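Asks: What follows is a single structure, and I will ask about it in a moment.
There are 2 protein chains.
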Amino acid sequence: MLKITRKVEYALIALRHMQSNKENGLTSAKEIASHYGIPQQLLAKTLQQMARDDIIEAVQGPAGGYRLIANLDLISLKDFFEQLEGPMGLMDCSFDSDCIQIGACNIRVPIQRINNNMRNMFSQMTLQEVTQ
Amino acid sequence: MLKITRKVEYALIALRHMQSNKENGLTSAKEIASHYGIPQQLLAKTLQQMARDDIIEAVQGPAGGYRLIANLDLISLKDFFEQLEGPMGLMDCSFDSDCIQIGACNIRVPIQRINNNMRNMFSQMTLQEVTQ
DNA sequence: GTAAATACGAGTAAAAAAGTCGTATTTATT
DNA sequence: AATAAATACGACTTTTTTACTCGTATTTAC
Numbered sequence: 001m002l003k004i005t006r007k008v009e010y011a012l013i014a015l016r017h018m019q020s021n022k023e024n025g026l027t028s029a030k031e032i033a034s035h036y037g038i039p040q041q042l043l044a045k046t047l048q049q050m051a052r053d054d055i056i057e058a059v060q061g062p063a064g065g066y067r068l069i070a071n072l073d074l075i076s077l078k079d080f081f082e083q084l085e086g087p088m089g090l091m092d093c094s095f096d097s098d099c100i101q102i103g104a105c106n107i108r109v110p111i112q113r114i115n116n117n118m119r120n121m122f123s124q125m126t127l128q129e130v131t132q
Numbered sequence: 133m134l135k136i137t138r139k140v141e142y143a144l145i146a147l148r149h150m151q152s153n154k155e156n157g158l159t160s161a162k163e164i165a166s167h168y169g170i171p172q173q174l175l176a177k178t179l180q181q182m183a184r185d186d187i188i189e190a191v192q193g194p195a196g197g198y199r200l201i202a203n204l205d206l207i208s209l210k211d212f213f214e215q216l217e218g219p220m221g222l223m224d225c226s227f228d229s230d231c232i233q234i235g236a237c238n239i240r241v242p243i244q245r246i247n248n249n250m251r252n253m254f255s256q257m258t259l260q261e262v263t264q
C-alpha cells in the first residue's frame, strides 16, 4: 500500500533522463525504454500523456522524439501525480462519496485530515527535487 | 495509487469503535462488522492480527470479544501501517533491492528521499489522532 | 515511397487486494 | 456433558487494479 504506480515511476525516470540530456535535443521513447529496461509501448503512452500536459513536447517523424519544455521547479509532485493518476486520496471515499456505508463510517473526518497532510507534503515537493 | 488497504481501514474503524465503547468492556467482531457493513471474517482476521501485536486483547468463548489494551497515543501511524502491511515504500525497490534494472535506475536516490519524508510524516501522527 | 518515429483505442495478462470457506479451539451457559 | 457463540487461522476463490501488448493510424525526414 501507499505505492506509486509504474506509470509514474517511468515518467520520473524519463523526465530525469531528458533533463540530463538537454543539450542533445530530442530523446525517443525507444532510447529511454532500452536504456532503463522499460516496456517501450507503456513508456510511450506515459510520454504522450506528459506531452498533452505540456510538460514535454513531442516531435513526430523519424528522428523525432520528446524534449522537456516545462520548468520542473514550478510543478509540485501533487499536481504531477494527479495529472497522471487522478485525484490523490488514502481511501476511495476521499473523492467519490458513494460509499455503501449508510453514513456509519466513523473515520471519515480523521482520514480526511491525514489526507490533507499527505497532499500538503506532496504539494511542497517539486519535480525538480526528483530529477535534479 | 497512494492508498491504504481495506484491512487498515477496517482496523482503524474497529479501533475507534472500541475506544468509544470502552466502558462496555468487550466488543465482538460480529458487532463491529454488522454495525459498519464490513465483511465479518475479514475484520476478524484483522482483529486477530492486532491482538497478536498487543494493540487489543482477545477473549474467547461465548460473550467473548476484543478490548483495547494499548495506549494509542504511543503508536505512530507508520508503525501501525507497517505492522499490518509490511514495510512502507513508494516503490518496491525501497526495501527489496532485487530490481531487474542493472543499476541503471536514475531515480533511486530521490525516491528514497521522498520516501523518508513520507515515513517521517506518518511517524509524527499517532493512532490516537485517527480514533479520537 | 519507405522507414522510423509518435498517437491512441482496445484488448490481454499478471499481480495484488478483497473476500470466502472449512475446520479447530475456547468457554459460558444449560 | 452437550450446546452454542465466540475467537483462530490456513487455504482457497473472486474481484479489482495494475501492467503490459496489439493493431492500426499518422507524421515526416530521407
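Sequences listed follow chains A and B, in order.
So the first sequence is numbered by the numbering used here: it starts at 1 and just counts up by one.
So the second sequence is numbered by the numbering used here: it starts at 133 and just counts up by one.
Glycine included, every Cβ here is placed at the ideal spot set by N, Cα and C.
Keep in mind the model is a prediction, meaning the values are calculated, not measured.
#1: On a CA-only basis, which of 88(A), 63(A), 11(A) and 52(A) is nearest residue 136(B)? Give me that one, please.
#2: Could you give the distance in angstroms between the alpha-carbon of residue 30(A) and the alpha-carbon of residue 236(B)?
#3: Shorter than 7 Å from the beta carbon of residue 159(B) to some beta carbon of chain A?
#4: Comparing the C-beta of residue 210(B) with each C-beta of chain A, is any distance below 7 Å?
#5: Is it the case that the segment 54-61 of chain A contacts the segment 107-125 of chain A, given that we only count it when at least three CB pairs across the two stretches are under 8 Å?
#6: Quick check: the Cα distance between residue 155(B) and residue 204(B), rounded to an integer number of angstroms?
#7: What distance in whole Å lies between the Cβ atoms of residue 151(B) and residue 209(B), which are believed to be in contact at a cut-off of 8 Å?
#8: Going by the CB atoms, is the gap between residue 44(A) and residue 32(A) shorter than 7 Å?
#9: Residue 144(B) to residue 66(A), Cα distance in whole Å?
#10: The ligand FMN and residue 215(B): does the residue's C-beta get closer than 6 Å to at least one heavy atom of that ligand?
#11: Along the segment 67-94 of chain A, what residues have a CB closer than 8 Å to any CB found in chain B?
#12: Which residues in the same chain have their Cβ closer than 7 Å to the Cβ of residue 172(B), if we skip the five residues on either side of it in sequence?
Replies: According to the data block:
#1: Taking the first residue of the second sequence as 1, we reach residue 136(B) at position 4. It is 88(A) whose Cα lies nearest to the Cα of residue 136(B).
#2: Translated into the one-based positions of the first sequence, residue 30(A) becomes position 30. Translated into the one-based positions of the second sequence, residue 236(B) becomes position 104. Computed Cα separation, rounded: 15 Å.
#3: Along the second sequence, read from residue 1 onward, the residue named residue 159(B) stands at position 27. No, residue 159(B) does not count as interfacial toward chain A.
#4: Position 78 of the second sequence, counted from the start, is the residue given in the question as residue 210(B). Residue 210(B) does not count as touching chain A.
#5: no
#6: Within the second sequence, residue 155(B) is the residue found at index 23, counting from 1. Within the second sequence, residue 204(B) is the residue found at index 72, counting from 1. Near 17 Å, if we compare the C-alpha coordinates of residue 204(B) and residue 155(B).
#7: Looking up residue 209(B) in the second sequence gives position 77. Looking up residue 151(B) in the second sequence gives position 19. About 15 Å; that fails the 8 Å criterion.
#8: As a working note, residue 32(A) is residue 32 in the first sequence. As a working note, residue 44(A) is residue 44 in the first sequence. No, they are not a contact pair.
#9: For the purposes of this step, residue 144(B) is taken as residue 12 along the second sequence, with counting starting at 1. For the purposes of this step, residue 66(A) is taken as residue 66 along the first sequence, with counting starting at 1. Going by the C-alpha atoms only, they are around 45 Å apart.
#10: With respect to small molecules bound, the structure shown includes none, and the ligand FMN cannot be examined in it.
#11: 77, 81, 85, 88, 89, 90, 91 and 92
#12: Here the question's residue 172(B) lines up with position 40 in the second sequence. Within the same chain, residue 172(B) has close Cβ partners 161, 162 and 165.
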